[in-house]
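Taken in order, the sequence shown gives residues 7 to 469; the numbers are from the numbering used here.
Don't be surprised by glycine CBs; every beta carbon is placed ideally from N, CA and C.
Written out below as C-alpha coordinates is the structure these notes cover.
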Amino acid sequence: MKFKSSVDRGRFFNYGFVSMRYFSPSFIILLMAVVLALNLYFPVFANAGDAPAYAKNRLPYKNFMKSMQHLTSEDLSGIDKVANFISKADLSVDELRQLTDYGKKIYDKYKTEIDELIKNYDKILDIGNTLPSEAQYAAAGSSSPVIDFRYTRSITRVLAAVSRWLESEKRYEEALKLTTLTWRFGQMIQNGDGEVSTLISAMIGIAVKNISIQQNMCRILIAGNFDAEFYQNYSSRLLKLRDDEMDMSQIMYCERRSFLNVLEYEVFVKSNIKTDYSEIVNKIPADRLAEGKKYSIDIFNAYYDSVSVYLTKYKDEPYILRTHLEKMSKEIAERGQPSLWKLLSPIKSVGDILLAIAMPNFSRAYEQFLRSNYYSYGAAVFAKTLAGVKNGAAVPESLEALEKLCGIKLIADYFNKNKGPLVYKKIGDDFVLYSYSIDYHDDNADSDKDIILFKIPAGHKGE
7 MKFKSSVDRG RFFNYGFVSM RYFSPSFIIL LMAVVLALNL YFPVFANAGD
57 APAYAKNRLP YKNFMKSMQH LTSEDLSGID KVANFISKAD LSVDELRQLT
107 DYGKKIYDKY KTEIDELIKN YDKILDIGNT LPSEAQYAAA GSSSPVIDFR
157 YTRSITRVLA AVSRWLESEK RYEEALKLTT LTWRFGQMIQ NGDGEVSTLI
207 SAMIGIAVKN ISIQQNMCRI LIAGNFDAEF YQNYSSRLLK LRDDEMDMSQ
257 IMYCERRSFL NVLEYEVFVK SNIKTDYSEI VNKIPADRLA EGKKYSIDIF
307 NAYYDSVSVY LTKYKDEPYI LRTHLEKMSK EIAERGQPSL WKLLSPIKSV
357 GDILLAIAMP NFSRAYEQFL RSNYYSYGAA VFAKTLAGVK NGAAVPESLE
407 ALEKLCGIKL IADYFNKNKG PLVYKKIGDD FVLYSYSIDY HDDNADSDKD
457 IILFKIPAGH KGE
(Lines of atoms letter the chains of each structure in order from A and count residues from 1; the text may use other names and numbers.)
(Lines give C-alpha, C1' and ligand atoms only; values in the text may rest on other atoms or scores of the structure.)
Protein backbone atom coordinates (compact mmCIF):
# COMPACT_ATOMS: atom_id res chain seq x y z
CA MET A 1 0.00 0.00 0.00
CA LYS A 2 1.48 3.37 -1.01
CA PHE A 3 1.28 6.38 1.24
CA LYS A 4 0.80 9.71 -0.45
CA SER A 5 -0.35 12.14 2.21
CA SER A 6 -1.56 12.74 5.73
CA VAL A 7 -4.98 11.17 5.27
CA ASP A 8 -3.95 7.66 4.28
CA ARG A 9 -0.71 7.73 6.26
CA GLY A 10 -1.42 9.86 9.29
CA ARG A 11 -4.26 7.56 10.34
CA PHE A 12 -2.08 4.48 9.92
CA PHE A 13 0.67 6.18 11.87
CA ASN A 14 -0.71 6.41 15.41
CA TYR A 15 1.88 9.03 16.42
CA GLY A 16 2.67 7.19 19.61
CA PHE A 17 -0.77 7.34 21.18
CA VAL A 18 -2.02 3.79 20.58
CA SER A 19 -1.40 1.27 23.30
CA MET A 20 0.29 -1.71 21.62
CA ARG A 21 -1.01 -4.22 24.15
CA TYR A 22 -4.39 -4.08 22.41
CA PHE A 23 -3.05 -5.70 19.24
CA SER A 24 -2.09 -9.20 18.27
CA PRO A 25 1.53 -9.96 17.28
CA SER A 26 0.53 -10.15 13.61
CA PHE A 27 -1.07 -6.74 13.77
CA ILE A 28 1.99 -5.27 15.49
CA ILE A 29 4.15 -6.65 12.67
CA LEU A 30 1.85 -4.93 10.19
CA LEU A 31 2.18 -1.63 12.04
CA MET A 32 5.97 -1.98 12.10
CA ALA A 33 5.92 -2.35 8.35
CA VAL A 34 3.82 0.77 8.09
CA VAL A 35 6.25 2.71 10.26
CA LEU A 36 9.08 1.69 7.94
CA ALA A 37 7.03 2.90 5.01
CA LEU A 38 6.72 6.26 6.72
CA ASN A 39 10.31 6.97 5.87
CA LEU A 40 8.75 8.17 2.65
CA TYR A 41 6.60 10.50 4.69
CA PHE A 42 9.49 12.27 6.42
CA PRO A 43 12.02 12.57 3.58
CA VAL A 44 15.69 12.77 4.47
CA PHE A 45 17.30 16.11 3.75
CA ALA A 46 19.39 16.28 0.61
CA ASN A 47 23.00 15.24 0.98
CA ALA A 48 24.39 18.28 -0.80
CA GLY A 49 25.05 21.01 1.73
CA ASP A 50 23.67 23.81 -0.44
CA ALA A 51 20.56 21.92 -1.50
CA PRO A 52 17.23 23.22 -0.15
CA ALA A 53 16.24 21.23 2.91
CA TYR A 54 12.53 21.61 2.26
CA ALA A 55 11.31 18.55 0.35
CA LYS A 56 10.37 19.36 -3.23
CA ASN A 57 7.36 17.03 -3.22
CA ARG A 58 5.75 18.75 -0.24
CA LEU A 59 3.24 21.57 -0.21
CA PRO A 60 4.90 24.98 0.28
CA TYR A 61 3.90 27.08 3.26
CA LYS A 62 1.02 29.48 2.70
CA ASN A 63 1.69 31.46 5.86
CA PHE A 64 4.27 34.16 6.62
CA MET A 65 6.98 31.57 7.32
CA LYS A 66 7.33 30.88 3.58
CA SER A 67 10.13 33.47 3.63
CA MET A 68 12.15 31.02 5.74
CA GLN A 69 11.45 27.98 3.59
CA HIS A 70 14.72 28.05 1.66
CA LEU A 71 17.22 27.06 4.35
CA THR A 72 19.72 24.46 3.19
CA SER A 73 20.65 21.06 4.53
CA GLU A 74 23.92 22.57 5.72
CA ASP A 75 22.00 25.23 7.67
CA LEU A 76 19.97 22.60 9.45
CA SER A 77 22.85 20.21 10.07
CA GLY A 78 23.83 22.05 13.23
CA ILE A 79 20.42 22.22 14.88
CA ASP A 80 20.47 18.62 16.10
CA LYS A 81 23.53 19.40 18.22
CA VAL A 82 21.80 22.21 20.12
CA ALA A 83 18.13 21.18 19.93
CA ASN A 84 18.11 19.80 23.48
CA PHE A 85 19.28 23.14 24.84
CA ILE A 86 16.26 25.08 23.57
CA SER A 87 13.71 23.92 26.15
CA LYS A 88 16.22 23.28 28.92
CA ALA A 89 15.52 25.35 32.03
CA ASP A 90 19.15 26.00 32.97
CA LEU A 91 22.07 25.97 30.54
CA SER A 92 25.75 25.72 31.30
CA VAL A 93 28.03 28.42 29.93
CA ASP A 94 29.19 26.08 27.18
CA GLU A 95 25.66 25.01 26.23
CA LEU A 96 24.52 28.62 25.98
CA ARG A 97 27.55 29.46 23.86
CA GLN A 98 26.83 26.62 21.45
CA LEU A 99 23.18 27.64 21.15
CA THR A 100 23.83 31.36 20.62
CA ASP A 101 26.73 30.73 18.23
CA TYR A 102 24.43 28.66 16.06
CA GLY A 103 21.69 31.30 16.31
CA LYS A 104 24.10 34.04 15.27
CA LYS A 105 25.31 31.97 12.31
CA ILE A 106 21.76 31.61 11.00
CA TYR A 107 20.90 35.26 11.70
CA ASP A 108 23.96 36.52 9.85
CA LYS A 109 23.05 34.45 6.81
CA TYR A 110 19.34 35.21 6.79
CA LYS A 111 19.36 38.65 8.37
CA THR A 112 17.17 40.19 5.67
CA GLU A 113 14.41 37.60 6.03
CA ILE A 114 14.47 37.53 9.83
CA ASP A 115 14.52 41.31 10.18
CA GLU A 116 11.61 41.54 7.77
CA LEU A 117 9.56 39.12 9.87
CA ILE A 118 10.26 41.13 13.01
CA LYS A 119 9.54 44.42 11.22
CA ASN A 120 6.13 43.11 10.10
CA TYR A 121 5.29 41.64 13.50
CA ASP A 122 2.11 43.62 14.05
CA LYS A 123 0.88 43.15 10.52
CA ILE A 124 1.49 39.39 10.66
CA LEU A 125 -0.29 38.94 13.98
CA ASP A 126 -3.30 40.84 12.64
CA ILE A 127 -3.81 38.11 10.00
CA GLY A 128 -6.51 35.70 11.14
CA ASN A 129 -6.01 31.96 11.27
CA THR A 130 -8.12 30.50 8.47
CA LEU A 131 -10.59 27.62 8.66
CA PRO A 132 -11.26 25.27 5.73
CA SER A 133 -14.03 26.15 3.31
CA GLU A 134 -16.78 23.71 2.42
CA ALA A 135 -15.15 23.26 -0.99
CA GLN A 136 -11.89 22.28 0.70
CA TYR A 137 -13.66 19.81 2.97
CA ALA A 138 -15.37 18.26 -0.07
CA ALA A 139 -12.06 17.88 -1.91
CA ALA A 140 -9.95 16.54 0.96
CA GLY A 141 -8.61 13.02 0.51
CA SER A 142 -5.55 10.80 0.53
CA SER A 143 -3.96 12.69 -2.36
CA SER A 144 -4.18 16.00 -0.54
CA PRO A 145 -0.67 17.51 -0.44
CA VAL A 146 1.04 18.17 2.90
CA ILE A 147 3.81 20.43 4.12
CA ASP A 148 7.25 19.11 5.04
CA PHE A 149 6.74 18.19 8.69
CA ARG A 150 10.37 17.46 9.39
CA TYR A 151 11.52 20.82 8.06
CA THR A 152 8.75 22.51 10.04
CA ARG A 153 10.06 21.18 13.35
CA SER A 154 13.63 22.03 12.36
CA ILE A 155 12.95 25.64 11.34
CA THR A 156 11.16 26.12 14.66
CA ARG A 157 14.28 25.07 16.55
CA VAL A 158 16.44 27.21 14.28
CA LEU A 159 14.38 30.32 15.02
CA ALA A 160 14.40 29.53 18.75
CA ALA A 161 18.20 29.53 18.58
CA VAL A 162 18.18 32.85 16.72
CA SER A 163 15.87 34.29 19.36
CA ARG A 164 18.22 33.11 22.10
CA TRP A 165 21.10 34.88 20.35
CA LEU A 166 19.08 38.10 20.06
CA GLU A 167 18.35 37.81 23.78
CA SER A 168 22.07 37.35 24.55
CA GLU A 169 22.67 40.60 22.64
CA LYS A 170 20.05 42.31 24.85
CA ARG A 171 17.79 42.78 21.84
CA TYR A 172 14.89 41.65 23.98
CA GLU A 173 11.97 43.07 22.03
CA GLU A 174 13.22 41.51 18.80
CA ALA A 175 13.71 38.19 20.59
CA LEU A 176 10.20 38.33 22.01
CA LYS A 177 8.66 39.20 18.66
CA LEU A 178 10.48 36.38 16.86
CA THR A 179 9.46 33.91 19.58
CA THR A 180 5.84 35.03 19.36
CA LEU A 181 5.83 34.79 15.57
CA THR A 182 7.22 31.26 15.72
CA TRP A 183 4.52 30.29 18.21
CA ARG A 184 1.92 31.84 15.86
CA PHE A 185 3.41 29.75 13.05
CA GLY A 186 2.56 26.67 15.13
CA GLN A 187 -1.04 27.82 15.47
CA MET A 188 -1.32 28.10 11.70
CA ILE A 189 0.14 24.64 11.15
CA GLN A 190 -2.30 23.30 13.75
CA ASN A 191 -5.14 24.77 11.68
CA GLY A 192 -3.84 23.14 8.49
CA ASP A 193 -2.04 26.18 7.02
CA GLY A 194 -4.88 27.05 4.68
CA GLU A 195 -5.77 23.42 3.97
CA VAL A 196 -7.93 20.86 5.79
CA SER A 197 -6.11 19.99 8.99
CA THR A 198 -5.42 16.45 10.17
CA LEU A 199 -4.54 15.01 13.55
CA ILE A 200 -0.91 14.59 12.59
CA SER A 201 -0.56 18.14 11.22
CA ALA A 202 -2.24 19.45 14.36
CA MET A 203 0.28 17.55 16.50
CA ILE A 204 3.14 19.06 14.49
CA GLY A 205 1.61 22.48 15.08
CA ILE A 206 1.38 21.78 18.81
CA ALA A 207 5.03 20.69 18.83
CA VAL A 208 6.00 23.94 17.09
CA LYS A 209 4.14 25.96 19.73
CA ASN A 210 5.84 24.07 22.56
CA ILE A 211 9.34 24.31 21.10
CA SER A 212 9.03 28.04 20.55
CA ILE A 213 7.48 29.07 23.84
CA GLN A 214 8.43 26.61 26.58
CA GLN A 215 11.10 28.10 28.86
CA ASN A 216 11.61 30.91 26.35
CA MET A 217 8.81 33.47 26.34
CA CYS A 218 8.66 34.10 30.09
CA ARG A 219 12.44 34.32 30.33
CA ILE A 220 12.50 37.03 27.65
CA LEU A 221 9.59 38.88 29.23
CA ILE A 222 11.33 39.33 32.56
CA ALA A 223 14.81 39.90 31.10
CA GLY A 224 13.44 42.59 28.78
CA ASN A 225 12.36 44.78 31.70
CA PHE A 226 9.67 46.41 29.55
CA ASP A 227 7.32 49.06 30.89
CA ALA A 228 3.91 48.28 32.39
CA GLU A 229 1.98 49.37 29.31
CA PHE A 230 4.03 47.06 27.09
CA TYR A 231 3.35 44.11 29.39
CA GLN A 232 -0.37 44.82 29.53
CA ASN A 233 -0.68 45.18 25.77
CA TYR A 234 1.35 42.05 25.15
CA SER A 235 -0.77 40.04 27.58
CA SER A 236 -4.03 41.20 26.00
CA ARG A 237 -2.81 40.38 22.52
CA LEU A 238 -1.55 36.95 23.50
CA LEU A 239 -4.83 36.04 25.21
CA LYS A 240 -6.70 37.07 22.06
CA LEU A 241 -4.41 35.08 19.79
CA ARG A 242 -4.81 31.97 21.93
CA ASP A 243 -8.46 31.76 20.90
CA ASP A 244 -7.62 31.97 17.19
CA GLU A 245 -6.89 28.29 16.61
CA MET A 246 -8.79 25.06 16.18
CA ASP A 247 -9.71 23.09 19.25
CA MET A 248 -9.57 19.30 19.25
CA SER A 249 -13.23 18.96 18.26
CA GLN A 250 -12.61 21.00 15.12
CA ILE A 251 -9.47 19.02 14.31
CA MET A 252 -11.37 15.75 14.60
CA TYR A 253 -14.10 17.17 12.38
CA CYS A 254 -11.42 17.73 9.73
CA GLU A 255 -10.35 14.12 10.20
CA ARG A 256 -13.92 12.99 9.79
CA ARG A 257 -14.54 14.86 6.56
CA SER A 258 -11.24 13.77 5.03
CA PHE A 259 -11.50 10.11 5.85
CA LEU A 260 -15.14 9.80 4.82
CA ASN A 261 -14.09 11.21 1.46
CA VAL A 262 -11.42 8.53 1.25
CA LEU A 263 -14.00 5.81 1.93
CA GLU A 264 -16.47 7.29 -0.52
CA TYR A 265 -14.20 8.03 -3.45
CA GLU A 266 -11.04 5.97 -3.03
CA VAL A 267 -11.66 2.82 -1.01
CA PHE A 268 -14.99 1.55 -2.25
CA VAL A 269 -14.54 1.76 -6.01
CA LYS A 270 -15.13 -0.83 -8.68
CA SER A 271 -12.75 -3.74 -8.32
CA ASN A 272 -11.44 -3.32 -11.86
CA ILE A 273 -9.96 0.04 -10.90
CA LYS A 274 -6.58 -0.37 -9.23
CA THR A 275 -6.33 1.55 -5.94
CA ASP A 276 -4.13 1.44 -2.88
CA TYR A 277 -6.98 -0.31 -1.07
CA SER A 278 -7.68 -3.05 -3.62
CA GLU A 279 -6.28 -5.88 -1.51
CA ILE A 280 -8.68 -5.09 1.31
CA VAL A 281 -11.78 -4.16 -0.65
CA ASN A 282 -11.51 -7.00 -3.16
CA LYS A 283 -12.63 -9.32 -0.38
CA ILE A 284 -16.11 -7.92 -0.96
CA PRO A 285 -18.04 -9.30 -3.95
CA ALA A 286 -18.54 -6.66 -6.64
CA ASP A 287 -22.32 -6.81 -6.34
CA ARG A 288 -22.10 -5.99 -2.61
CA LEU A 289 -19.65 -3.10 -2.86
CA ALA A 290 -22.32 -0.48 -2.15
CA GLU A 291 -23.43 -2.43 0.91
CA GLY A 292 -19.85 -2.62 2.13
CA LYS A 293 -19.37 1.10 1.65
CA LYS A 294 -22.51 1.89 3.62
CA TYR A 295 -21.47 -0.34 6.51
CA SER A 296 -17.99 1.19 6.69
CA ILE A 297 -19.23 4.77 6.46
CA ASP A 298 -21.83 4.05 9.14
CA ILE A 299 -19.30 2.67 11.64
CA PHE A 300 -16.84 5.50 10.93
CA ASN A 301 -19.62 8.03 11.51
CA ALA A 302 -20.57 6.25 14.74
CA TYR A 303 -16.97 6.49 15.91
CA TYR A 304 -16.71 10.20 15.14
CA ASP A 305 -20.10 10.83 16.77
CA SER A 306 -18.84 9.23 19.98
CA VAL A 307 -15.61 11.21 19.83
CA SER A 308 -17.55 14.44 19.40
CA VAL A 309 -19.71 13.67 22.42
CA TYR A 310 -16.70 12.80 24.59
CA LEU A 311 -14.72 15.88 23.55
CA THR A 312 -17.67 18.09 24.37
CA LYS A 313 -18.64 16.44 27.64
CA TYR A 314 -15.13 15.89 29.03
CA LYS A 315 -13.12 18.72 27.44
CA ASP A 316 -12.02 19.88 30.91
CA GLU A 317 -11.50 16.36 32.25
CA PRO A 318 -8.86 14.66 30.08
CA TYR A 319 -8.47 11.79 32.53
CA ILE A 320 -12.13 10.80 31.99
CA LEU A 321 -11.84 11.38 28.25
CA ARG A 322 -8.83 9.09 28.15
CA THR A 323 -10.77 6.28 29.84
CA HIS A 324 -13.55 6.43 27.26
CA LEU A 325 -11.20 6.69 24.28
CA GLU A 326 -8.99 3.85 25.46
CA LYS A 327 -12.02 1.63 25.96
CA MET A 328 -13.35 2.50 22.51
CA SER A 329 -9.95 1.95 20.88
CA LYS A 330 -9.59 -1.44 22.53
CA GLU A 331 -13.02 -2.50 21.27
CA ILE A 332 -12.23 -1.30 17.76
CA ALA A 333 -8.88 -3.11 17.74
CA GLU A 334 -10.50 -6.36 18.90
CA ARG A 335 -13.19 -6.11 16.24
CA GLY A 336 -10.50 -5.63 13.62
CA GLN A 337 -8.72 -8.88 14.46
CA PRO A 338 -9.05 -11.75 11.97
CA SER A 339 -11.48 -14.49 12.94
CA LEU A 340 -13.27 -17.43 11.33
CA TRP A 341 -16.71 -15.83 11.37
CA LYS A 342 -15.38 -12.77 9.55
CA LEU A 343 -14.44 -14.95 6.60
CA LEU A 344 -18.16 -15.57 6.23
CA SER A 345 -19.03 -11.87 6.61
CA PRO A 346 -16.73 -9.87 4.32
CA ILE A 347 -18.84 -6.69 4.61
CA LYS A 348 -18.26 -6.38 8.35
CA SER A 349 -14.76 -7.79 8.14
CA VAL A 350 -13.54 -5.11 5.74
CA GLY A 351 -15.24 -2.27 7.59
CA ASP A 352 -13.93 -3.38 10.98
CA ILE A 353 -10.39 -3.83 9.66
CA LEU A 354 -10.40 -0.38 8.06
CA LEU A 355 -11.64 1.21 11.26
CA ALA A 356 -9.05 -0.64 13.38
CA ILE A 357 -6.20 0.47 11.13
CA ALA A 358 -7.34 4.04 10.65
CA MET A 359 -8.50 5.15 14.09
CA PRO A 360 -5.81 5.93 16.70
CA ASN A 361 -6.41 6.39 20.38
CA PHE A 362 -5.75 10.12 20.45
CA SER A 363 -6.33 10.71 24.17
CA ARG A 364 -2.62 11.45 24.58
CA ALA A 365 -2.89 13.92 21.72
CA TYR A 366 -5.62 15.76 23.59
CA GLU A 367 -3.47 15.90 26.71
CA GLN A 368 -0.67 17.45 24.66
CA PHE A 369 -3.15 19.92 23.20
CA LEU A 370 -4.12 21.09 26.70
CA ARG A 371 -0.49 21.14 27.80
CA SER A 372 0.56 23.40 24.92
CA ASN A 373 -2.18 25.90 25.72
CA TYR A 374 -0.91 26.31 29.27
CA TYR A 375 2.41 27.75 28.07
CA SER A 376 0.87 30.66 26.17
CA TYR A 377 -1.66 31.22 28.94
CA GLY A 378 1.13 31.28 31.51
CA ALA A 379 3.07 33.86 29.46
CA ALA A 380 -0.02 36.08 29.27
CA VAL A 381 -0.58 35.89 33.04
CA PHE A 382 3.12 36.46 33.63
CA ALA A 383 3.05 39.63 31.53
CA LYS A 384 0.10 40.90 33.59
CA THR A 385 2.00 40.09 36.78
CA LEU A 386 5.09 41.96 35.59
CA ALA A 387 2.90 44.93 34.68
CA GLY A 388 1.54 45.00 38.22
CA VAL A 389 4.99 44.81 39.73
CA LYS A 390 6.15 47.59 37.40
CA ASN A 391 3.34 49.72 38.79
CA GLY A 392 4.66 49.23 42.32
CA ALA A 393 2.93 46.06 43.53
CA ALA A 394 4.82 43.36 45.39
CA VAL A 395 5.21 39.89 43.90
CA PRO A 396 2.00 38.02 44.85
CA GLU A 397 2.45 35.44 47.59
CA SER A 398 -0.77 33.47 47.04
CA LEU A 399 -3.04 32.40 44.20
CA GLU A 400 -5.70 34.83 45.42
CA ALA A 401 -3.20 37.69 45.44
CA LEU A 402 -2.04 36.74 41.94
CA GLU A 403 -5.60 36.80 40.60
CA LYS A 404 -6.25 40.15 42.29
CA LEU A 405 -3.10 41.68 40.81
CA CYS A 406 -3.89 40.39 37.33
CA GLY A 407 -7.59 41.21 37.55
CA ILE A 408 -8.64 37.79 36.27
CA LYS A 409 -9.85 34.44 37.57
CA LEU A 410 -7.26 31.86 36.55
CA ILE A 411 -8.35 28.78 34.64
CA ALA A 412 -8.48 25.46 36.48
CA ASP A 413 -5.84 22.76 36.41
CA TYR A 414 -7.23 20.27 33.90
CA PHE A 415 -4.73 17.68 35.11
CA ASN A 416 -5.94 17.78 38.71
CA LYS A 417 -8.45 14.96 39.10
CA ASN A 418 -9.93 16.74 42.11
CA LYS A 419 -10.70 19.70 39.82
CA GLY A 420 -8.47 21.96 41.85
CA PRO A 421 -6.89 25.25 40.73
CA LEU A 422 -3.45 25.75 39.29
CA VAL A 423 -0.76 25.65 41.98
CA TYR A 424 0.99 28.88 42.94
CA LYS A 425 3.53 28.74 45.73
CA LYS A 426 7.04 29.63 46.76
CA ILE A 427 9.70 27.10 45.87
CA GLY A 428 13.23 28.12 46.77
CA ASP A 429 13.70 31.77 45.85
CA ASP A 430 10.85 31.86 43.33
CA PHE A 431 7.09 31.89 43.27
CA VAL A 432 5.93 29.35 40.69
CA LEU A 433 2.62 28.87 38.87
CA TYR A 434 2.27 25.33 37.59
CA SER A 435 -0.05 22.49 36.58
CA TYR A 436 0.10 18.83 37.59
CA SER A 437 0.61 17.86 33.92
CA ILE A 438 -0.15 14.56 32.24
CA ASP A 439 0.90 12.33 35.13
CA TYR A 440 -2.00 13.90 37.11
CA HIS A 441 0.24 14.29 40.15
CA ASP A 442 1.70 17.25 42.03
CA ASP A 443 5.46 16.89 41.65
CA ASN A 444 6.22 20.18 43.40
CA ALA A 445 7.02 22.13 40.20
CA ASP A 446 9.43 19.53 38.84
CA SER A 447 10.22 20.95 35.39
CA ASP A 448 10.38 17.46 33.89
CA LYS A 449 7.02 16.33 35.29
CA ASP A 450 4.86 19.39 35.91
CA ILE A 451 3.88 22.16 33.49
CA ILE A 452 5.63 25.33 34.61
CA LEU A 453 3.53 28.30 33.51
CA PHE A 454 5.98 30.80 34.97
CA LYS A 455 8.30 31.51 37.87
CA ILE A 456 9.17 34.89 39.32
CA PRO A 457 11.82 35.72 41.91
CA ALA A 458 10.20 36.49 45.26
CA GLY A 459 12.17 39.72 45.55
CA HIS A 460 11.57 40.95 42.00
CA LYS A 461 11.07 44.73 41.97
CA GLY A 462 10.61 45.39 38.27
CA GLU A 463 13.36 47.99 38.28
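Report task. Kindly indicate which three-state DSSP category PHE437 falls into: helix, strand or coil? Result -> In the displayed model, PHE437 falls within a strand according to three-state DSSP.
Query raised in the report: For ILE458, which of helix, strand or coil comes out of DSSP?
Result: The answer is strand: DSSP assigns ILE458 an E or B state.
Query raised in the report: Is LYS215 helix, strand or coil when you go by DSSP?
Result: Annotated three-state conformation of LYS215 is helix, per DSSP.
Query raised in the report: Would TYR140 be called buried (16 or more neighbouring beta carbons within 10 Å of its own) or exposed?
Result: The sequence shown places Glu at residue 140, rather than the Tyr named in the question. Taking all protein chains shown into account, GLU140 has fewer than 16 neighbouring C-beta atoms within 10 Å of its C-beta and is therefore exposed.
Query raised in the report: Identify the residues that DSSP records as bridge partners of TYR430: which are they?
Result: Its beta-bridge partners are LEU439.
**Report entry** Straight-line gap, ILE457 to GLY200 (C-alpha atoms, nearest Å)
**Finding:** A straight line joining the alpha-carbon of ILE457 with that of GLY200 spans about 31 angstroms.
Requested in this report: Tell me, please, which residues DSSP counts as bridged to ALA418.
Outcome: Note: ALA418 sits in a beta bridge opposite PRO427.
Query - Environment of ALA418 [buried if 16+ CB atoms lie within 10 Å] - result: So ALA418 counts as exposed.
Query raised in the report: Counting Cβ pairs, one atom from each stretch, are 3 or more of them under 8 angstroms apart for the stretch 112-130 and the stretch 162-177?
Result: Contact holds: three or more Cβ-Cβ distances are below 8 angstroms.
**Report entry** Whole alpha helix (DSSP H) elements within the stretch 102-190, 4-residue minimum
**Finding:** Counting only runs that start and end inside the stretch 102-190, the alpha helix (DSSP H) elements of at least 4 residues fall at 117-125, 127-131, 140-145 and 155-174.
Requested in this report: State whether the stretch 381-389 contacts the stretch 351-371, with contact taken as three or more CB pairs (one from each stretch) at a distance under 8 angstroms.
Outcome: Short answer: they don't touch.
Query raised in the report: By a C-beta neighbour count over all protein chains shown, 10 Å radius and 16 as the cutoff for buried, is THR318 buried or exposed?
Result: When all chains shown are included, THR318 counts as exposed.
Report task. Please state if the CB of LEU411 and the CB of PHE368 are separated by a distance shorter than 9 angstroms. Result -> No, Cβ-Cβ distance for PHE368 and LEU411 is not below 9 angstroms.
Query raised in the report: Considering only the beta carbon of each residue, do MET258 and VAL313 sit closer than 9 angstroms?
Result: In this structure, VAL313 lies closer than 9 angstroms to MET258 by Cβ.
Query raised in the report: What's the call for TYR271, buried or exposed, on a 16-neighbour Cβ count within 10 Å?
Result: In this structure TYR271 is exposed. Its beta-carbon is surrounded by fewer than 16 other beta-carbon atoms within 10 angstroms.
**Report entry** Span separating the alpha-carbon of ALA2 from that of THR185
**Finding:** Residue 2 cannot be examined here, being either before or after the span of the chain that is shown, 7 to 469.
Query raised in the report: Going straight from the alpha carbon of SER345 to that of ALA451, what length do you get?
Result: So the alpha carbons of these two residues sit roughly 49 angstroms apart.
Query - CB contact flag (LYS183, ILE124, <9 angstroms) - result: In this structure, ILE124 lies closer than 9 angstroms to LYS183 by Cβ.
Requested in this report: Could you have a look at THR204 and say whether DSSP puts it in helix, strand or coil?
Outcome: Three-state result, THR204: coil.
Query raised in the report: Does the beta-carbon distance from GLU119 to SER149 come in below 9 angstroms?
Result: Their beta carbons are not under 9 angstroms apart, which means GLU119 does not touch SER149 by this criterion.
Report task. With a threshold of 16 other CB atoms inside 10 Å of the CB of PHE23, please say whether the residue is buried or exposed. Result -> Any reading at PHE23 must be qualified, since the residue scores a pLDDT of 34, below 50, and its modelled position is unreliable; no value is offered.
**Report entry** Range covered by the alpha helix (DSSP H) that runs through ARG377
**Finding:** Counting along the chain, the alpha helix (DSSP H) containing ARG377 begins and ends at 369-396.
Query raised in the report: Of the residues LYS354, PRO352, SER355 and PHE306, which one's Cα is nearest the Cα of MET334?
Result: Put simply, of LYS354, PRO352, SER355 and PHE306 the residue whose alpha carbon is nearest the alpha carbon of MET334 is PHE306.
Report task. Kindly indicate which three-state DSSP category PRO344 falls into: helix, strand or coil? Result -> In the structure shown, PRO344 sits in coil (DSSP, three-state: anything other than H, G, I, E or B).
Query raised in the report: Looking at LEU102 and ARG177, is the spacing between their C-beta atoms short of 9 angstroms?
Result: Going by C-beta atoms, ARG177 is not nearer than 9 angstroms to LEU102.
Query raised in the report: Quick one: what's got a C-beta closer than 6 angstroms to MET71's C-beta in the same chain, skipping five residues either side?
Result: PHE191, listed in sequence order.
Requested in this report: Throw me the rounded Cβ distance for the VAL387 and LEU459 pair, which I believe falls under 8 angstroms.
Outcome: Contact flag correct, Cβ pair sits at about 7 angstroms.
**Report entry** Identified DSSP bridge partners for THR78
**Finding:** BP columns for THR78 point to PRO58.
**Report entry** Rounded distance between the beta-carbons of ASN231 and THR136, thought under 8 angstroms
**Finding:** Not a contact, Cβ separation roughly 36 angstroms.
Query raised in the report: With respect to the alpha helix (DSSP H) encompassing LYS319, which residues constitute its N-terminal and C-terminal limits?
Result: Counting along the chain, LYS319 sits inside the alpha helix (DSSP H) bounded by residues 295-319.
Query raised in the report: How close, in whole Å, do the beta carbons of SER441 and PHE421 come, if the pair is a contact with beta carbons under 8 angstroms?
Result: With a beta-carbon spacing of about 5 angstroms, SER441 and PHE421 fall inside the 8 angstroms limit used to define contacts.
Query raised in the report: ILE290: which of ALA61, ILE353, VAL268 and LYS246 sits nearest, CA to CA?
Result: Looking at ALA61, ILE353, VAL268 and LYS246, the one whose alpha-carbon comes closest to that of ILE290 is ILE353.
Query raised in the report: According to DSSP, is PRO352 helix, strand or coil?
Result: Of the three classes helix, strand and coil, the one that applies to PRO352 here is helix, per DSSP.
Requested in this report: Taking 9 angstroms as the cut-off, decide whether the C-beta atoms of ALA308 and LEU205 are in contact.
Outcome: Not closer than 9 angstroms, so no.
Query raised in the report: Using a Cβ-Cβ cut-off of 6 angstroms (strictly less than) and excluding sequence neighbours within five positions of LYS467, which residues of its own chain qualify?
Result: Correct list: empty, nothing qualifies.
Query - Three-state class that DSSP yields for PRO463 in the structure shown - result: Shown here, PRO463 sits in a strand according to DSSP, grouped into three states.
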